[in-house]
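One structure is given here, and the rest of the page talks about it.
Numbering (this note's numbering), first residue to last: 2 to 557.
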């Protein structure tokens, strides 16, 4: 009943498209499986260029403006009287009314990134009014408009396909399935580990496996594939998936709404171990203990199939797109108990409850996990390595050993360290296996604190090298005909934490694109005395407080 009411409300809502381009082509759809989140909108193509006009899809007011070097980049939020908020992300430029508000805020606060909340009377917009130009800012892989529709009351993202009619006659494709023994008394092809199988296409969205799968006990399934759209080479996510065994549906899910508070639980929906191994997203068609996603429309025994006394069984996995185009793979099962495997000989492993908190202490070292930090009951151990190859480390190496490939929530590690006076402020915790730094805080008791979402080996290292600048402007250059100064900044390890520029001693706004390292200093001639030489100072500081200061001159 709840969905019916939502659907009726949405059907009555008349939003226009946010751009004039026709036909509308998508590079990504709603609900796609992404690293640590579901894709929460539609990515609309802009003919591979920036600068397309972006319009408000209905009347309302600009309620929020953000400018960040990552994520959504330059983004606008528009609240509408109907109870929805629309989001326009990766923008190149704002409408002048909006841009003046952003710049005034940046100059007043002396900040490059902004997150401004507005009142209804500040920037009202009419339906179809231009509010921005499309771009490629933030964590964007190419020019496009990322467009969302949210419920204003809770900021849950809704499937924009509920509001728009896009033609699609191309069915999804199912490439692979996974079959999982769910406990120590269950088997797949006589083994107590998951088995992955490629499908064979019979045409018209019909798929089979090459041969039956032998199973016994409690069995889980997963599916890997994509949806497609006409005239497009892009791949998209499934709208619905369903698992039926012996004529009975035991699992189904549909993604019409995304709660940003639980979107990271996608790491439990997918086979995360397989994602790391093959970079493929296998959607697991069973629900784990601490998975709080509200996408499930049917869960019988949490989606787990239990073998019965019959010799043969048949399961079917179906995937559909939004308009109902379907792909289905049939899986024939041989239900045979594996007497050849001595189950009693299998080593029993003690597991901790994923519902409980955990604090592990060894001297000053601590590992702290709150309740429901892990998706399932888990194994846990800490191993300490006191070796120090090439004298890289300023602490012992602490290895967190667990069967959890990814955590539901971050856990805190506290590592005792020892730095000489000359290196104070230069320390940071490293994931030793990946040689990657982790945001770190240091206390007054000789301990470093960081948060992690997976196991591994961790220790304190130092970074003593300042960031670098690659300037595109020649020193003493005549910049009279140029709209901006462009340079690139980078850091060898911990990453750039602060960046500022000053012309004739006056602070300047910098537009930083983190994916490329490019930084634009757009000239604001209203704040600049023209027809003379100017001094430019750029100051960079990394997360370990190494500072670079470069000075230049130019004419404008």
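Every residue, glycine too, gets a C-beta built ideally from N, C-alpha and C.
Problem set entry | Every unbroken alpha helix (DSSP H) within the stretch 439-480, with a cutoff of 4 residues, ordered by chain | Whole alpha helix (DSSP H) segments, 4+ residues: zero.
For this session: State yes or no: is the C-beta of residue 158 within less than 8 Å of the C-beta of residue 258?
Result: Along the chain shown, one-based indexing puts residue 158 at 157. Along the chain shown, one-based indexing puts residue 258 at 257. Yes.
For this session: Return the CA-CA distance between residue 74 and residue 336, expressed in angstroms with no decimal places.
Result: Translated into the one-based positions of the chain shown, residue 74 becomes position 73. Translated into the one-based positions of the chain shown, residue 336 becomes position 335. When rounded, the distance between both Cα atoms is 53 Å.
Exercise. Nearest-angstrom Cα distance between residue 167 and residue 174?
Worked result: Taking the first residue of the chain shown as position 1, residue 167 is located at position 166. Taking the first residue of the chain shown as position 1, residue 174 is located at position 173. Take the alpha-carbon of residue 167 and the one of residue 174: they are about 19 Å apart.
Exercise. If you draw a straight line from the alpha carbon of residue 366 to that of residue 326, how long is it in whole angstroms?
Worked result: Locating residue 366 in the chain shown gives position 365, counting from the first residue. Locating residue 326 in the chain shown gives position 325, counting from the first residue. Roughly 55 Å separates the two Cα atoms.
For this session: Reducing DSSP to helix, strand and coil, say where residue 106 ends up.
Result: Working through the chain shown from its first residue, we reach residue 106 at position 105. Correct three-state label for residue 106: helix.
Exercise. Is the beta carbon of residue 410 sitting closer than 8 Å to the one on residue 442?
Worked result: The sequence position of residue 410 within the chain shown is 409, counting from 1. The sequence position of residue 442 within the chain shown is 441, counting from 1. Between residue 410 and residue 442, the C-beta spacing is not below 8 Å.
Problem set entry | Limits of the unbroken alpha helix (DSSP H) element including residue 269 | Numbered from 1 along the chain shown, position 268 holds the residue referred to as residue 269. DSSP places residue 269 in the uninterrupted alpha helix (DSSP H) bounded by 267-270.
For this session: Could you check the C-alpha separation between residue 282 and residue 272 for me, to the nearest Å?
Result: Your numbering for residue 282 matches position 281 in the chain shown. Your numbering for residue 272 matches position 271 in the chain shown. Put simply, the backbone Cα of residue 282 is about 7 Å away from that of residue 272.
Exercise. Assuming residue 186 and residue 307 make a contact with CB atoms under 8 Å, what is their CB distance in whole Å?
Worked result: As a working note, residue 186 is residue 185 in the chain shown. As a working note, residue 307 is residue 306 in the chain shown. 11 Å between Cβ atoms; not a contact.
Exercise. Can residue 143 be considered in contact with the ligand ADP, in the sense that its beta carbon sits closer than 7 Å to one or more heavy atoms?
Worked result: Here there are no bound small molecules, and the ligand ADP is not part of this structure.
Exercise. Do three or more CB pairs link the stretch 530-539 to the stretch 504-512 at distances below 8 Å?
Worked result: Contact between the stretch 530-539 and the stretch 504-512 is present: three or more C-beta pairs spanning the two stretches fall below 8 Å.
Exercise. Is it the case that the Cβ atoms of residue 224 and residue 189 are separated by a distance below 8 Å?
Worked result: On the chain shown, position 223 is the one that residue 224 refers to. On the chain shown, position 188 is the one that residue 189 refers to. Between residue 224 and residue 189, the gap from beta carbon to beta carbon reaches 8 Å or more.
Problem set entry | residue 495 vs residue 438 beta-carbon contact at 8 Å | Taking the first residue of the chain shown as 1, we reach residue 495 at position 494. Taking the first residue of the chain shown as 1, we reach residue 438 at position 437. Going by C-beta atoms, residue 495 is nearer than 8 Å to residue 438.
For this session: Taking residue 427 as the reference, give the member of 54, 379, 148, 547 with the closest Cα.
Result: Within the chain shown, the letter at position 426 stands for residue 427. Nearest option by C-alpha distance: 547.
Exercise. How should residue 556 be labelled, buried or exposed, when 16 other C-beta atoms within 10 angstroms of its C-beta is the threshold for buried?
Worked result: Stepping through the chain shown from its first residue, residue 556 is reached at position 555. Residue 556 comes out exposed.
For this session: Could you spell out the range, first to last residue, of the alpha helix (DSSP H) harbouring residue 278?
Result: For the purposes of this step, residue 278 is taken as the residue at position 277 of the chain shown. Counting along the chain, the alpha helix (DSSP H) containing residue 278 begins and ends at 273-279.
Exercise. Does DSSP classify residue 356 as helix, strand or coil?
Worked result: Taking the chain shown and counting its residues from 1, one reaches residue 356 at position 355. In the structure shown, residue 356 sits in coil (DSSP, three-state: anything other than H, G, I, E or B).
Exercise. Considering only residues of the same chain and omitting the five flanking positions on each side of residue 275, which have a CB-CB separation below 6 Å?
Worked result: Numbered from its first residue, the chain shown carries residue 275 at position 274. So the list reads 283, once near-sequence residues are dropped.
For this session: Tell me whether residue 97 sits in a helix, a strand or coil according to DSSP, three-state version.
Result: Within the chain shown, the letter at position 96 stands for residue 97. Here residue 97 sits in helix by DSSP.
For this session: With residue 543 as the anchor, note down where its beta strand (DSSP E) starts and where it stops.
Result: Reading the chain shown from its first residue, position 542 is the one you call residue 543. Secondary structure note for residue 543: its beta strand (DSSP E) is the uninterrupted segment 534-543.
For this session: Compare the Cα-Cα distances from residue 415 to each of 376, 126, 360 and report the closest residue.
Result: The residue labelled residue 415 in the question sits at position 414 within the chain shown. Looking from the CA of residue 415, the closest CA among 376, 126, 360 belongs to 360.
Exercise. Are at least three pairs of beta-carbons, each pair with one atom in the stretch 91-109 and one in the stretch 65-79, less than 8 Å apart?
Worked result: Yes, the stretch 91-109 touches the stretch 65-79.
Exercise. Exposed or buried, residue 277, counting other C-beta atoms within 10 Å across all chains shown (16 or more means buried)?
Worked result: Your numbering for residue 277 matches position 276 in the chain shown. So residue 277 ends up on the exposed side.
Exercise. Are there 16 or more other CB atoms within 10 angstroms of the CB of residue 343, so buried, or fewer, so exposed?
Worked result: To locate residue 343, count along the chain shown from 1; it is residue 342. With a pLDDT of only 45 at residue 343, under 50, the local geometry of the prediction cannot be trusted, and no value is derived from it.
Exercise. Under the three-state reduction of DSSP, which class applies to residue 548: helix, strand or coil?
Worked result: Translated into the one-based positions of the chain shown, residue 548 becomes position 547. Taken through DSSP and simplified to helix, strand or coil, residue 548 comes out as strand.
Problem set entry | Three-state secondary structure (DSSP) of residue 205 | Taking the first residue of the chain shown as 1, we reach residue 205 at position 204. Looking at residue 205 - three-state DSSP - the assignment turns out to be coil, as it is neither helix nor strand.
For this session: Entirely within the stretch 123-154 and at least 3 residues each: give me those beta strand (DSSP E) ranges in chain order.
Result: Whole beta strand (DSSP E) segments, 3+ residues: 131-135, 145-152.
Problem set entry | 8 Å contact criterion, which residue 468 and residue 523 should meet: CB distance rounded | Counted from its first residue, the chain shown places residue 468 at position 467. Counted from its first residue, the chain shown places residue 523 at position 522. The Cβ separation is near 22 Å, so there is no contact.
Problem set entry | Check whether residue 144 and residue 42 have beta carbons under 8 Å apart | For this step, residue 144 is matched to residue 143 along the chain shown. For this step, residue 42 is matched to residue 41 along the chain shown. No.
Exercise. Going along the chain, which unbroken runs of the beta strand (DSSP E) with 3 or more residues stay wholly within the stretch 173-253?
Worked result: The stretch 173-253 contains these whole beta strand (DSSP E) runs: 174-182, 196-204, 207-210, 214-217, 219-227, 241-246.
Exercise. Cβ of residue 89 within 8 Å of Cβ of residue 77?
Worked result: The residue given as residue 89 occupies position 88 in the chain shown. The residue given as residue 77 occupies position 76 in the chain shown. Yes; because the gap between Cβ atoms is below 8 Å, this pair is in contact.
Exercise. Helix or strand or just coil, what does DSSP make of residue 432?
Worked result: The residue you call residue 432 lines up with position 431 of the chain shown. Strand at residue 432.
Problem set entry | Closest by C-alpha distance to residue 163, when choosing among 296, 149, 153, 156 | As a working mapping, residue 163 is identified with position 162 in the chain shown. The shortest C-alpha to C-alpha distance from residue 163 to any of 296, 149, 153, 156 is the one to 149.
Problem set entry | Cα-Cα separation, residue 305 to residue 115 | The count along the chain shown starts at 1 and reaches residue 305 at position 304. The count along the chain shown starts at 1 and reaches residue 115 at position 114. A straight-line Cα-Cα distance of about 47 Å links residue 305 and residue 115.
Exercise. What residue from 509, 300, 141, 264 has the CA that sits closest to residue 250's CA?
Worked result: Taking the first residue of the chain shown as position 1, residue 250 is located at position 249. The shortest CA-to-CA distance from residue 250 to any of 509, 300, 141, 264 is the one to 300.
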